[in-house]
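Worksheet for the structure shown next.
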Amino acid sequence: MKTMLCTAAAAGLMATTATAADKTLTISVYAFAQDEYKEALYDPFEEICGCDLVVETGNSVERMAKIEANAADPVIDVAVISAHDAYALSQKELLAQIDSTRLTSFGDLYPSAQDPLGDQTAVGYTFYASSIVYRSDLVKINSWADLLDEEVAGRVALPNITGTQGPLTLLMLSKALGHPEDFAQTITTVGEHADDIVTFYSRSSELAQLMNQQEVIAAPVGRFAWGSFKESGLPFAWAEPKEGQTGGMNVMVMTKGNGNEDLAYQFMDYWLSSEVQTRIAEAQIDSPANAKVVLSDEVAEGLTYGAELINSLNMISPQDIVAHRDAWVEQWNAEVIR
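Under full-length UniProt numbering, the letters of the sequence shown match residues 1 to 338, in that order.
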């Protein structure tokens with residue numbers, strides 16, 4: 001973000017720098033779209049607050065581990081992560097409770113984003129739908145079960161169980177296969193088809209490359225990655241399976257005892273405002289959790305937008321994911337990643 005001045009030609013400049021140095025907020029975020037976030041969120045906030053943002057990125061495991069390792073003396077003030085990862089941190093008592101009265105747009109958020117963990121330690125800032133992206137000139141996808149069909153065998157990718165899309169895909173495959181409460185049976189079925197799967201991807205960028213190279217013609221993906229397929233020049237389509245779409249919510253959290261709560265609340269409040277959520281949505285970075293955001297049809301087409309779509313998503317509770325994740329991973333490693 002802003003570059004700190006180590007020396008200055010004038011005392012006035014030194015005083016200004018010292019003032020800024022006294023107001024520094026360290027945030028931990030996803031690595032994607034950082035140039036766009038800088039323009040839409042980080043730079044405008046620094047101008048308003050007269051402070052500096054230190055932005056740290058990385059995958060969820062790395063970022064969560066850093067929060068846990070520094071619990072006694074937090075080095076991260078605010079983090080944005082998946083709802084289930086936030087719940088895992090909350091269960092370890094690493095998160096501060098959020099005083100919603102200090103967030104002026106709190107009442108404008110969709111109800112499900114206001115207290116997604118049920119303990120006031122997180123607030124939702126974006127929703128994402130997930131469905132299947134496919135080559136419309138080569139195959140037609142009508143059901144999540146089509147991912148295991150012979151028509152796409154050897155040309156389909158699935159997300160790894162350890163990624164955000166993994167449990168969501170299990171949810172919808174289980175529903176399509178007729179046993180929505182039995183992920184174990186679905187994992188076994190995926191294992192039986194493992195030789196037909198090109199890869200079990202961990203990052204959407206990895207999947208986009210495979211699909212653009214035409215090695216994969218169908219795969220589950222989050223709506224936030226749809227733009228890279230839509231703009232590729234190839235005839236990709238977004239499926240609307242008969243079982244519906246799945247999805248999730250990303251949330252913002254504040255570490256317990258970070259000592260920088262005032263600036264953290266200011267930043268969170270700014271990000272949740274209808275002004276900023278609109279600007280981020282119009283830049284096609286993230287879908288809004290603020291229900292007052294109004295978007296054109298053209299912009300909304302690339303996002304997870306509106307109460308009707310959000311309320312229709314098949315979602316897994318953070319509590320269920322955390323409770324069963326270890327068992328899913330163990331079975332997955334034994335039967336799928338052989």
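We put the CB at the ideal spot given by N, CA and C, even for glycine.
- The DSSP-derived three-state label of Met-315 is coil.
- Asn-70 is not bridged by DSSP to any residue.
- In this structure, Val-80 is the residue among Thr-189, Gly-50, Gly-244, Val-80 with its C-alpha nearest to the C-alpha of Val-61.
- Looking at Gly-244, Asp-52, Tyr-270, the one whose alpha-carbon comes closest to that of Ala-145 is Gly-244.
- With fewer than 16 other beta carbons inside 10 angstroms of its own, Asp-195 counts as exposed.
- As for any beta strand (DSSP E) of minimum length 3 sitting wholly inside the region 108–147, the runs are 123–135, ordered along the chain.
- Taking each of Leu-313, Ser-274, Met-315, Asn-314 in turn and checking the Cα distance to Leu-295, the smallest one comes out for Ser-274.
- By a beta-carbon distance limit of 8 Å, Ile-132 contacts Leu-147. Their separation comes to about 7 Å.
- Taking every protein chain shown into account, the CB of Pro-111 has fewer than 16 other CB atoms within 10 angstroms, so this residue is exposed.
- Tyr-201 sits in a strand when the DSSP states are folded into three classes.
- Listed in chain order, the beta strand (DSSP E) elements of length 3 or more contained wholly in the region 146–204 are 156–159, 197–201.
- Assignment of Asn-290 by DSSP, reduced to helix, strand and coil, places it in the strand class.
- Sequence-distant Cβ neighbours of Ser-143 in its own chain, meaning closer than 6 Å and more than five residues away, are Ala-176, Pro-241, Lys-242.
- Between Ile-76 and Ser-28, the C-beta spacing is below 9 Å.
- Spanning the alpha carbons of Ile-67 and Thr-255 requires a straight line of approximately 8 Å.
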